[in-house]
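Novice: Here the numbering used here is used: the first residue of the sequence shown is 651, the next is one more, and so on.
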Amino acid sequence: MSISAINARVDQIMAMASMDATVTGPPQKAATSSFADALATAQKTPAATAPAATAETFGAGSPSSDPQMASRLDAWMAKHTPGSPLVGHGADFVRAGAANGIDPRFLVAVAAQESALGTAGSGKDINNPFGWGPARPFSSWTESIDTVAAGLAKGYLGEGRDTIAAIQAKWAPVGAANDPTGLNSNWTTGVSKFYAEMGGTPGGSIRA
C-alpha cells in the first residue's frame with residue numbers, strides 16, 4: 651500500500667473515532683456516586699434553627715386573641731430556663747389568665763422572677779413557683795397556677811392594683827420584715843423585664 655493510501659486510511663479511522671465519541675458522549679457517573687455526593691452535601695449543610703421566642707414573635711395583639719399564646723409561652727420558658735417543670739404548662743397559664751382577666755404573660759413573668767420558673771428556692775419542691783403564701787405547698791403546678799391567678803384577680807386587680815409596680819407594693823413591699831436582704835427592691839424591675847421579653851407593656855395594665 652502506498653504512503654498516500656496509508657495516510658488516507660489513517661484519516662478515515664480518525665474520523666470514525668471522532669464520530670463515535672460524539673454519539674456516545676463522555677462517560678457518566680454511576681447513580682450511586684451522584685446520590686453519595688448529594689448526601690455528603692446535605693450532611694454538610696447546617697440544619698435550620700427554630701427562632702427563639704421574643705417580643706416580636708409574640709406579636710402586638712391581645713394575649714386572649716392569640717391562638718398560639720400557649721406554645722409561645724412554652725417556647726419562651728424553654729429558652730429562658732431549660733428544664734423548667736413549667737414548660738408544657740403554657741395552656742394552663744393561658745386558661746387561668748383568661749378565667750381571671752389576667753395577662754398570662756404576667757403570670758409567667760412572676761414565676762420567672764420568684765423561682766426561675768420553678769427551678770430555684772423552696773418552690774421547686776412544693777409546686778409553688780410564685781412564692782405564694784409564702785411557701786404554700788400545692789398538689790401540682792396546675793393547681794398553683796389556678797390558685798395564684800384567682801388570688802391576683804380578687805386581692806389585687808379587685809383593689810385596682812393592675813400594674814406591676816402597684817402589685818409589688820402589696821406582693822413584695824420594699825422593707826418587708828421577711829425580706830432582710832432587700833430582694834423585693836428588684837421585683838418590679840425583674841418582672842417588668844420578663845414581661846417585656848414576652849411582648850407585654852411593663853408600665854401598663856396586666857389585665858387581659
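Just so you know, even glycine gets a beta-carbon here, dropped at the ideal spot from N, CA and C. Please read these numbers as outputs of a predicted model, since none were measured by experiment.
Apart from the five residues just before and just after Ala759, which ones in its own chain have a Cβ nearer than 6 Å to its Cβ?
Specialist: For Ala759, where only same-chain residues beyond five positions count, the Cβ hits under 6 Å are Val841, Phe844, Tyr845.
Novice: Residues in its own chain within less than 6 Å of Met727 by CB, not counting five upstream and five downstream?
Specialist: Result list for Met727: Ser734, Leu736, Val737, Leu767, in chain order.
Novice: Return the CA-CA distance between Asp812 and Ala746, expressed in angstroms with no decimal places.
Specialist: Near 16 Å, if we compare the C-alpha coordinates of Ala746 and Asp812.
Novice: Among Gly783, Asp724, Ser715, Pro779, which residue has its Cα nearest to the Cα of Lys820?
Specialist: Ranking Gly783, Asp724, Ser715, Pro779 by Cα distance to Lys820 puts Gly783 first.
Novice: Would you please state the rounded distance, in angstroms, between the beta carbons of Ile814 and Pro852? I believe it to be under 8 Å.
Specialist: About 6 Å separates the two Cβ atoms, so the contact holds.
Novice: Could you check where the alpha helix (DSSP H) with Ala754 kicks off and where it finishes?
Specialist: It is Pro, not Ala, that sits at residue 754 in the sequence shown. Residues 754-765.
Novice: Going by beta carbon distance, what residues of the same chain come within less than 8 Å of Phe788, once the five residues before and after it are set aside?
Specialist: Cβ within range, chain order: Ile776, Asn777, Asn778, Ser794, Thr797.
Novice: Over the uninterrupted alpha helix (DSSP H) stretch that includes Arg722, give me the two end residues.
Specialist: Per DSSP, Arg722 belongs to the alpha helix (DSSP H) from 719-730.
Novice: Nearest to Met848 by alpha carbon, out of Gln718, Pro717, Ser715, Arg722?
Specialist: The option with the nearest alpha carbon to Met848 is Arg722.
Novice: Give the range of the alpha helix (DSSP H) segment to which Asn750 is assigned.
Specialist: Segment 740-750, the alpha helix (DSSP H) holding Asn750.
Novice: Between the alpha carbons of Phe756 and Gly825, how many angstroms are there, rounded?
Specialist: Distance between the alpha carbons of Phe756 and Gly825: 23 Å.
Novice: When burial is assigned at 16 or more other CB atoms within 10 Å of the CB, is Thr731 buried or exposed?
Specialist: So Thr731 counts as buried.
Novice: With 16 as the cutoff for other CB atoms within 10 Å, does Glu809 come out buried or exposed?
Specialist: Classification for Glu809: exposed.
Novice: Which whole runs of the alpha helix (DSSP H) in the stretch 795-856 are 4 residues long or more, in chain order?
Specialist: Listed in chain order, the complete alpha helix (DSSP H) runs (minimum 4 residues) inside the stretch 795-856 are 814-821, 837-847.
Novice: Between Ala720 and the rest of its own chain, which residues show a CB-CB distance below 7 Å, the 5 nearest in sequence each way excluded?
Specialist: Excluding positions up to five away in sequence, the list reads Gly740, Ala741, Val744.
Novice: Would you say Pro787 faces chain C, with C-beta separation under 9 Å as the test?
Specialist: No chain C appears in this structure, which consists of one protein chain only.
Novice: Is Phe790 buried or exposed, if buried means 16 or more other CB atoms sit within 10 Å of its CB?
Specialist: Position check: residue 790 holds Ser in this sequence, whereas Phe was assumed. By the 10 Å Cβ count, Ser790 comes out exposed.
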